[in-house]
Amino acid sequence: MVKTLHDMCLNCVQNRLDKIPDVGRRLPNIHKEILLERLVNHDILTECYFKSVQKYLFVKNLRHVTLYKSNQLTDAMLKTLGEQCPNIHQLTIHMCTNITDVGIRAVTKTQKELVVLKLRKLAAFTGKGLDPLKSPKLQTLDLRGCNALTNEAVETVTRNNPTISCLIIDDCGQLSANVFASIAQTLKYNLEELDGCPRPMTNENVTALARYCPNLKSLNLLGSSKLTGNALLELSQGCIRMESLDLSYCYGLQESPDNEFLWTLPTSLTNLSLCGVMLSDEALLVETLQRLKRLKSVRLCGIPALNDKTLPKILQHLGGNLEMIDISGSRTLTDEGLAAVATYCTSLRELDLSICKMLSGHTLLPLLRDTERAPLLRKAFFSVQKIEEEVLMAVVENCHNLEKFDAAGMETLSDQMLITMAVNCPRLMHIGIKGCKQVTDAGVCEIARHCPLKYVVLSGIQAITDKTVFTVSNHCHNLEEIYLNGCLNVSPTTVNYLVDSCLPRVYVQHKTPNLVSDHIMGKNIDTGEFCRMDLMQDGGGAR
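Counting in this note's numbering, the sequence shown runs from 3 upward without gaps.
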């Protein structure tokens with residue numbers, strides 16, 4: 003995983019826009035979009051350099067613009083972007099601290115071809131800047147994390163853009179629950195996906211969605227603790243095309259008679275989450291799921307009714323279609339019941355067994371050793387202390403298309419397993435091995451060299467040193483997040499090098515209260531490795 007020639011050429015161009023003759027004419031449109039994103043990522047978008055950016059990268063046919071986590075981006079720059087690029091199809095502005103309603107208004111008011119607009123975590127943005135936006139093609143509006151967003155702003159933008167089919171207003175602290183009823187009455191038949199979590203919906207909100215939005219396909223009701231069975235019935239009858247429904251922590255549905263309305267869920271559902279709904283009625287759980295024959299994804303975290311008797315009955319009917327099963331947090335499920343996963347699931351792509359204290363996993367071996375089924379697995383979350391070494395070995399040897407792997411706290415996970423995984427799982431992007439005591443630099447470095455890592459959790463691994471961080475820095479150029487809490491042998495100097503080396507803006511968490519702050523780094527001329535000067539062996543030179 004080293005830099006490609008293509009990447010190195012783009013790196014050269016991004017630093018010399020003002021020096022390469024007629025560079026704008028020589029660059030294809032897609033490279034202009036990539037360069038603009040990289041300039042923002044690397045803090046090169048200074049006011050002086052912006053003149054060259056404006057001249058060579060801002061063109062009428064610019065289609066996709068992503069501006070992420072920049073302190074340099076200003077409202078004035080967005081105004082220029084809007085004036086020179088009126089045909090943007092997808093615009094993302096994420097965590098840009100200086101952007102206000104003025105800049106958003108300037109860049110969006112000219113857009114008539116806008117299909118996707120993502121304005122995420124903009125602290126100074128209230129939504130007023132979207133008042134002039136009228137794009138007849140707008141389908142997706144993502145306002146996640148805009149805490150100053152108001153009900154009035156959401157109502158105005160949906161009224162002016164009734165073509166919106168996907169609306170995400172997740173984590174918008176100023177919004178009140180009654181905004182959902184207004185959204186339903188405004189967008190009506192066009193609304194297909196709504197995510198307002200963690201703003202709990204009331205029965206009245208759900209009833210309005212059922213009445214006005216018959217084409218709703220995806221709805222997140224997480225945490226709507228006051229939702230009753232009658233409202234769920236209306237939703238099931240009104241939105242018969244529903245495909246994805248999240249009922250996590252809807253506590254009002256866990257006791258009789260409200261829980262009986264789970265029998266009325268639309269049979270069109272392909273994704274269902276019942277996490278935290280503490281159903282104890284085993285027959286009701288089985289019958290509810292058995293009738294949803296199209297389910298591909300089901301989350302049953304912590305449900306008391308899920309046990310060695312009920313899981314086989316559920317999977318006997320659904321296992322052939324299921325691609326994702328989340329049974330994490332189960333207190334009663336044992337390996338006897340888990341055997342049903344290996345017996346009935348023929349298309350499994352994601353399996354979550356986290357915090358299932360009774361499981362050793364040995365009954366999964368027929369699946370994990372199956373040459374046809376094991377390569378289908380994309381995500382495996384096995385942070386269970388009793389999981390056997392043989393099971394982990396089967397995962398790293400046979401799940402060749404694994405993309406996400408979590409084994410937090412696994413004392414049996416070793417460097418040899420990680421080395422095997424590095425060879426066998428070249429698509430691995432997410433690895434969580436927090437507190438795995440046997441792991442050292444040797445295993446993690448092999449993973450970093452061979453896999454396109456984006457998300458890494460190494461917290462609590464005392465054997466991890468600067469060697470790992472340097473290896474990650476030099477090979478994982480698209481790293482997005484890394485957690486190094488409690489890694490006392492990792493120095494702040496090396497962490498700074500990591501931040502400077504990665505292409506996107508990597509998020510690093512390195513909390514070590516007892517760490518010595520002034521470690522001096524050097525290069526051992528005998529080995530070629532960077533390491534702390536105070537840890538160098540005698541006889542090794544440094545420079």
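Think of the CB as a built atom: it goes at the ideal place given N, C-alpha and C, for glycine as much as any other residue. Predicted model, so just to flag it, every value in this text is computed and none were measured.
> Under the three-state reduction of DSSP, which class applies to Met326: helix, strand or coil?
Replying inline: Three-state DSSP puts Met326 in a strand.
>> Could you check whether the Cβ of Asn273 sits closer than 7 Å to any heavy atom belonging to the ligand NAD?
In response: The model on display carries no ligand, and the ligand NAD is accordingly not part of it.
>> On the DSSP bridge list, what partners appear for Gln256?
In response: Gln256 pairs with nothing; no bridge assigned.
> Can you list, in chain order, the residues of its chain whose CB lies under 6 Å from that of Thr204, leaving out five sequence neighbours each side?
Replying inline: If the five residues before and after Thr204 are omitted, its C-beta is found closer than 6 Å to the C-beta atoms of Ala179, all from its own chain and listed in chain order.
> Nearest to Glu2 by alpha carbon, out of Val497, Leu367, Glu399, His402?
Replying inline: As displayed, the chain neither begins before 3 nor continues past 545, which places residue 2 out of reach and without an answer.
>> Between the alpha carbons of Asp77 and Ala108, how many angstroms are there, rounded?
In response: Cα to Cα, Asp77 sits roughly 8 Å from Ala108.
> Between the beta-carbon of Asp144 and the beta-carbon of Ile170, is there less than 8 Å?
Replying inline: yes
> Taking DSSP as the reference, what is the three-state secondary structure of Ile389?
Replying inline: coil
> So the beta strand (DSSP E) Thr68 belongs to, where does it begin and stop?
Replying inline: 66-70
> Just to confirm, are Asn86 and Val118 a CB contact at a threshold of 8 Å?
Replying inline: Residue identity check: residue 86 is Gln in the sequence provided, not Asn. Contact flag unset, no.
> Skipping 5 residues on each side, what residues in its chain have a beta carbon closer than 7 Å to that of His66?
Replying inline: Glu35, His91, Gln92
> Can you name, in chain order, every residue of its own chain whose Cβ lies under 7 Å from the Cβ of Asp103, other than the five neighbours on each side?
Replying inline: Phe127, Thr128, Lys130, Gly131
> Identify the residues that DSSP records as bridge partners of Val459: which are they?
Replying inline: Paired residue(s): Gly434, Tyr485.
>> Within the continuous alpha helix (DSSP H) that includes Ile170, where are the two ends?
In response: Per DSSP, Ile170 belongs to no alpha helix (DSSP H); it is in the beta strand (DSSP E), 168-170.
> Leu19: buried (16+ other C-beta within 10 angstroms of its C-beta) or exposed?
Replying inline: buried
> Between the beta-carbon of Met280 and the beta-carbon of Pro306, is there less than 8 Å?
Replying inline: yes
> Mapping DSSP to helix, strand and coil, what is Glu405?
Replying inline: coil
> Which whole-angstrom value describes the C-beta separation of Leu297 and Thr272, a residue pair presumed to lie in contact below a C-beta threshold of 8 Å?
Replying inline: 6 Å
> Quick one: complete beta strand (DSSP E) runs, 3+ long, within the stretch 314-364?
Replying inline: Qualifying beta strand (DSSP E) stretches, in chain order: 326-328, 352-354.
> With burial defined as no fewer than 16 other Cβ atoms inside 10 Å of the residue's Cβ, what is the status of Ala155: buried or exposed?
Replying inline: buried
>> Taking its Cβ as the centre, do 16 or more other Cβ atoms sit within 10 Å of Pro515, making it buried, or is it exposed?
In response: exposed
> On the three-state DSSP scale, how would you describe Gln74?
Replying inline: coil
> Beta carbon of Lys219, beta carbon of Glu245: below 8 Å?
Replying inline: yes
> Which residues in the same chain have their Cβ closer than 8 Å to the Cβ of Arg122, if we skip the five residues on either side of it in sequence?
Replying inline: Thr94, Ile95, His96, Met97, Asp144, Leu145, Arg146, Gly147, Cys148
>> Under DSSP, the beta strand (DSSP E) around Ile95 begins and ends at which residues?
In response: 92-96
> For Thr386 versus Leu370, is the C-beta distance shorter than 8 Å?
Replying inline: According to the sequence provided, residue 386 is Val. The question's Thr does not apply to it. No. Outside cutoff.
>> Can you give me the C-alpha to C-alpha distance between Tyr253 and Ser184, rounded to a whole angstrom?
In response: 25 Å
>> I'd like to check one pair, Lys359 with Arg333: are the Cβ atoms closer than 8 Å?
In response: Against a cut-off of 8 Å, the Cβ pair of Lys359 and Arg333 comes out as a contact.
> In chain order, what residues of the same chain lie with their CB nearer than 7 Å to the CB of Val288, ignoring the 5 residues before and after it?
Replying inline: Thr312, Lys315, Ile316
> Roughly how many whole angstroms lie between the Cα atoms of Gly322 and Glu374?
Replying inline: 14 Å
>> Give me the residue from Asn13, Asn100, Thr99, Leu135 with the minimum Cα distance to Thr110.
In response: Leu135
> Distance, Cα to Cα, Leu83 vs Cys347?
Replying inline: 50 Å
>> Nearest by alpha-carbon distance to Ile466: which of His477, Lys456, Leu481, Lys439 is it?
In response: Lys439
>> Taking the beta carbon of Thr165 as the centre, do at least 16 other beta carbons fall within 10 Å, making it buried, or is it exposed?
In response: For Thr165, the number of other beta carbons within 10 angstroms of its own is below 16, and it is reported as exposed.
> Based on the DSSP output, what are the partners of Gln511 in its beta bridges?
Replying inline: Tyr485
> In the structure shown, what three-state DSSP assignment does Leu121 receive?
Replying inline: strand
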